[in-house]
Every structure is written in structure tokens, then in C-alpha cells.
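Residue numbers for the sequence shown, in the numbering used here: 143 to 283. Okay, so here's the structure we're looking at.
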Amino acid sequence: KALSNRYKELNVNGLVSWASNRKTNDKCLEAAEVVSFNSYPGWYGGSVNDIPSTILGEAEFVAQLGKPFIKSEIGAGAIPGWQDPMNGFWTENYQSLVLGAVTKTVVSNSTITVQIIIKTYYTLGLRQSNISDRCVTMAIL
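Here is the structure:
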């Protein structure tokens with residue numbers, strides 16, 4: 143709270159926010175002007191089926207605070223070309239299922255204005271040639 147107040151005293155042209163991984167348990171949300179949550183349903187716990195209820199539950203919680211909400215991180219990783227018939231973690235298929243559930247939830251809900259999808263591919267074999275080990279694509283919905 144003190145840091146938020148000090149920032150406002152400086153008359154900086156910006157809003158107070160941070161990406162919280164504590165979500166609804168974050169004890170400092172009263173100091174935020176925009177609430178941002180990082181969570182990875184279907185990746186770090188739960189399943190693809192939990193994605194809509196997680197996103198909508200977080201959005202509803204923040205709406206009760208009367209503040210704007212940013213879903214700052216969500217998704218799943220993938221290794222290019224990795225496939226398996228069970229659509230396991232790190233496969234392109236699983237990443238597609240997760241991002242599809244996120245996208246469907248966001249575009250079908252009028253209370254969510256914008257979601258930025260960042261799709262990251264890990265290319266572990268390229269480190270030896272001094273090429274970045276990540277390739278990123280982004281889409282704004």
C-alpha cells in the first residue's frame with residue numbers, strides 16, 4: 143500500500159498493477175488499480191475442462207472488487223513436432239487444446255475485452271548455435 147501511495151504521489155502517468163500468482167489470495171489487491179492474474183489451468187493443475195471456470199471465476203472475483211482485470215498469463219508449453227496419441231503435456235496437440243479452451247472462453251464472454259495469446263515453442267537443440275531457445279508468436283483477440 144505504501145509503495146502504491148508513493149507511486150501516486152510522484153504523479154507518474156500510469157496505473158498501479160502487477161501480475162499476481164496469488165490471485166484471489168493476494169493480500170495487496172486493494173492497492174491495485176488494475177488487477178492482473180497469472181494462472182495456468184490445465185498446465186499447472188487441473189485439466190483443459192477447468193479453463194473456462196478458472197478464467198470466469200477470476201474475472202467475477204475482480205469484478206466484485208470494482209476494478210479492471212487483465213489475465214496476464216495463461217497457456218501451456220510445447221516442443222515443435224512433439225506428438226503422441228494421448229495428447230500429453232509438451233505436445234503441440236495439448237498446447238492447442240489449452241489455447242483453444244482459453245480462446246473459446248474469452249471470445250464467448252462479453253465481460254472479457256482483450257486476451258493476448260503468446261505461443262512459445264521451445265527449441266532446445268538450437269542453444270549450441272547461439273540461436274534463441276524460444277520462438278514466440280502473439281495474437282490479440
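Just so you know, even glycine gets a beta-carbon here, dropped at the ideal spot from N, CA and C. Keep in mind it's a predicted model, so treat the numbers as computed, not measured.
Burial is judged here by how many other beta carbons sit within 10 angstroms of a residue's own beta carbon; Ser252 has fewer than 16 and is exposed. With contacts defined by Cβ atoms closer than 8 Å, Leu207 and Leu241 do not form a contacting pair.
Around the beta carbon of Gln225, fewer than 16 other beta carbons sit within 10 angstroms, so the residue counts as exposed. For Glu215, the beta-bridge partners assigned by DSSP are Asn180. In this chain, Asn153 is not harboured by any alpha helix (DSSP H), its DSSP state being neither H nor E. Taking a cut-off of 8 Å on C-beta distances, the region 202-218 touches the region 166-182, as three or more cross pairs fall below it.
If you draw a straight line from the Cα of Trp185 to the Cα of Tyr236, it comes to about 9 Å. About 4 Å separates the beta carbon of Ser178 from that of Ile212, a gap short enough to meet the 8 Å contact definition. Residues Val158 of the same chain have their beta carbon placed closer than 7 Å to that of Tyr149, with the five preceding and five following residues left out of the count.
A direct Cα-to-Cα measurement between Asn191 and Glu151 gives close to 44 Å.
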